[in-house]
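In our numbering, the protein residues as written are 4 to 380.
Cβ atoms here follow ideal geometry from the backbone N, Cα and C, with glycine treated the same way.
Accompanying notes for the structure given below.
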Amino acid sequence: MGFATNALNMPALIGKGCCVLSDELNHSSLVLGARLTGAKIKVFRHNDIADVEAKLRDAIVYGQDRTRRPFKKILIVVEGVYSMEGSVTRLPELIALKKKYKAYLYLDEAHSIGAMGPHGRGVVDYFGCDPRDVDVLMGTFTKSFGGAGGYIAGSQHLVALLRQRSHSGLYGASLPAPVAAQVVTAFQMLMGRAGPPGEGARRLKQLEVNTQYFRASLHRLGVIVYGHRTSPVVPVMIFMPGKIAAFGRETLKRGLGTVVVGYPATPIIESRARFCLSAAHSLDIIDRSVQIIDEVTSLLLMKYSRRPPPAWTAGITREWAEAQLKLVDQQRRPHGAANGGPVPRRPVECRGDPPDKVADENDAAVKDNLAAVAAAS
Numbered sequence: 004m005g006f007a008t009n010a011l012n013m014p015a016l017i018g019k020g021c022c023v024l025s026d027e028l029n030h031s032s033l034v035l036g037a038r039l040t041g042a043k044i045k046v047f048r049h050n051d052i053a054d055v056e057a058k059l060r061d062a063i064v065y066g067q068d069r070t071r072r073p074f075k076k077i078l079i080v081v082e083g084v085y086s087m088e089g090s091v092t093r094l095p096e097l098i099a100l101k102k103k104y105k106a107y108l109y110l111d112e113a114h115s116i117g118a119m120g121p122h123g124r125g126v127v128d129y130f131g132c133d134p135r136d137v138d139v140l141m142g143t144f145t146k147s148f149g150g151a152g153g154y155i156a157g158s159q160h161l162v163a164l165l166r167q168r169s170h171s172g173l174y175g176a177s178l179p180a181p182v183a184a185q186v187v188t189a190f191q192m193l194m195g196r197a198g199p200p201g202e203g204a205r206r207l208k209q210l211e212v213n214t215q216y217f218r219a220s221l222h223r224l225g226v227i228v229y230g231h232r233t234s235p236v237v238p239v240m241i242f243m244p245g246k247i248a249a250f251g252r253e254t255l256k257r258g259l260g261t262v263v264v265g266y267p268a269t270p271i272i273e274s275r276a277r278f279c280l281s282a283a284h285s286l287d288i289i290d291r292s293v294q295i296i297d298e299v300t301s302l303l304l305m306k307y308s309r310r311p312p313p314a315w316t317a318g319i320t321r322e323w324a325e326a327q328l329k330l331v332d333q334q335r336r337p338h339g340a341a342n343g344g345p346v347p348r349r350p351v352e353c354r355g356d357p358p359d360k361v362a363d364e365n366d367a368a369v370k371d372n373l374a375a376v377a378a379a380s
């Protein structure tokens, strides 16, 4: 799953005398990797750019503990799409900060590579940023690529350094040939160099449509859904620990397999069910899944939301989804610039609405619902 890609490569990049700024909701592999470095770790609030800047300033002004010497390096560590929240990192603002304060940026694209952006190249592609502005690009071959293991991309100097110092590179084994072939084929399809013409573009569009249609349908049910509207990771909040197993059993009984998550992977009263959308899901599958979720959440009294669905869900209907997919089928052609060639550099800017901090429902609504759950229990 790429766990060792984070945990064993980060210590090769920084060490004692350095500082790591880590998002509070980073994956455990990033947390472990940061601890193994021996560097000073500062945790900032999730997707809070003001808090990142405040921590950066403190690190620069005060330096190391006791000696007050300047930190050798300051590394900002974030995920592209957060695996338990479904939220999207605020990459353009992070790039601006790291340039302003001469820091380094480590981006975990495990859940976004092959799923986000017009070319499937992750949140860097989604925001139209220059990949060279991200110092360390990490991703896995397990999710979008259906293989195993992970990778780190960066400058030639970075790659040479990791080959010399990384424990995973020095003591690990190469990918099995069938897995490597699977990963290469997936890359070629995304770039328009394998499969039917335009198949990579069709799958990316199918995933985007599936994601928005599924999220909109859940919002209309009255359940609390975390994450950005285009994030393929869709958490549905269960909250009460006693309902975790019941939700999994009841959905499975009706033919829907789900992943339920509780403590210690989440705070004890923020358990959830996590759905991950795929381009292989049809609209009929999504409709049936929503029907099952509707039945089970009604049975378990999980429709906690007190607010109307977000405004963007109004136009996201079955007819809209079918029209979007039909349009893609009509326009299928080799995908990517020059049939998979390099994409021209674009300025660092955000296209469309910026991602939500944690959820489409604001913090006040979540607090209200948490209070309601506590009162009910």
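Is the Cβ-Cβ distance between residue i and residue j less than 8 Å?
| i | j | result |
| --- | --- | --- |
| V299 | T254 | yes |
| A324 | P235 | no |
| L386 | A106 | For the chain, the structure presents residues 4 to 380; residue 386 sits outside this window and is missing. |
| A180 | G149 | no |
| V23 | V91 | no |
| G245 | P238 | no |
| C132 | L165 | no |
| Y154 | G172 | no |
| D297 | L193 | no |
| L35 | A53 | no |
| E88 | L28 | yes |
| G152 | L178 | yes |
| G3 | G83 | Not covered by the structure: residue 3. The range shown for the chain is 4 to 380. |
| C21 | K76 | yes |
| I295 | R257 | yes |
| H170 | P313 | no |
| R168 | A15 | yes |
| R275 | M240 | yes |
| K208 | Q327 | yes |
| Y104 | I44 | no |
| A4 | T145 | According to the sequence shown, residue 4 is Met rather than Ala. Yes; because the gap between Cβ atoms is below 8 Å, this pair is in contact. |
| Q191 | A197 | yes |
| V127 | P121 | no |
For residue i, does the three-state DSSP call read helix, strand or coil?
| i | result |
| --- | --- |
| V186 | helix |
| A340 | Because the pLDDT at A340 is just 42, under 50, the model does not fix this residue reliably, and the point stays unresolved. |
| V239 | strand |
| G36 | helix |
| I247 | helix |
| I116 | strand |
| R310 | coil |
| G123 | coil |
| Y229 | strand |
| D356 | Summary for D356: the model assigns pLDDT 46, below 50, so the residue's position carries little reliability; its value from the coordinates is reported in the next sentence. DSSP places D356 in coil when its eight states are reduced to three. |
Terminal residues of the continuous beta strand (DSSP E) containing residue i?
| i | result |
| --- | --- |
| V80 | 77-82 |
| K43 | 43-47 |
| S274 | 274-279 |
| V263 | 262-264 |
| L108 | 107-111 |
| S220 | No beta strand (DSSP E) holds S220; the alpha helix (DSSP H) holding it covers 202-224. |
| D26 | 22-26 |
Rounded C-beta distance between residue i and residue j? I'm assuming under 8 Å.
| i | j | result |
| --- | --- | --- |
| L259 | T214 | Not quite, the Cβ-Cβ distance comes to about 17 Å (not below 8 Å), so this is no contact. |
| L72 | G66 | The sequence given here has Arg at residue 72, not Leu. That belief holds up - the Cβ atoms of R72 and G66 are roughly 5 Å apart, short of 8 Å. |
| D26 | F6 | Rounded, the Cβ-Cβ distance is 17 Å, inconsistent with contact. |
| L110 | V137 | 5 Å |
| F242 | Y307 | 7 Å |
| A42 | K19 | 7 Å |
| I319 | A219 | 4 Å |
| R277 | V293 | At roughly 16 Å, the Cβ-Cβ gap does not stay under 8 Å, so R277 and V293 are not in contact. |
| L210 | F250 | That pair is no contact at about 25 Å. |
| Y147 | I116 | Reading off the sequence shown, one finds Ser at residue 147, where the question assumed Tyr. Yes, S147 and I116 are in contact; Cβ-Cβ is about 6 Å, under 8 Å. |
| R232 | W315 | 6 Å |
Would you give the residue range spanned by the alpha helix (DSSP H) that residue i belongs to?
| i | result |
| --- | --- |
| P14 | 6-16 |
| L100 | 94-103 |
| A53 | 52-65 |
| K19 | Neither: K19 is in no alpha helix (DSSP H) and is coded neither H nor E. |
| A326 | 321-333 |
Examine the ligand PLP and report whether any of its heavy atoms sits within less than 7 Å of the Cβ of residue i.
| i | result |
| --- | --- |
| L173 | Among the ligands in the structure shown, none appear at all, so the ligand PLP cannot be discussed. |
With a threshold of 8 Å between beta carbons, is residue i in contact with chain C?
| i | result |
| --- | --- |
| G142 | This model lacks chain C altogether, as it is built from one protein chain only. |
Exercise for the section: Can you check the stretch 132-187 for any beta strand (DSSP E) of at least 3 residues that lies completely inside it and give the ranges in chain order? Expected result: Correct list: 139-143, 153-156.
Practice task
Identify every run of the alpha helix (DSSP H) within the stretch 277-302, keeping only runs that are complete inside it and at least 4 residues long; order them along the chain.
Solution key: Entirely contained in the stretch 277-302, the alpha helix (DSSP H) runs reaching 4 residues are, in chain order, 286-302.
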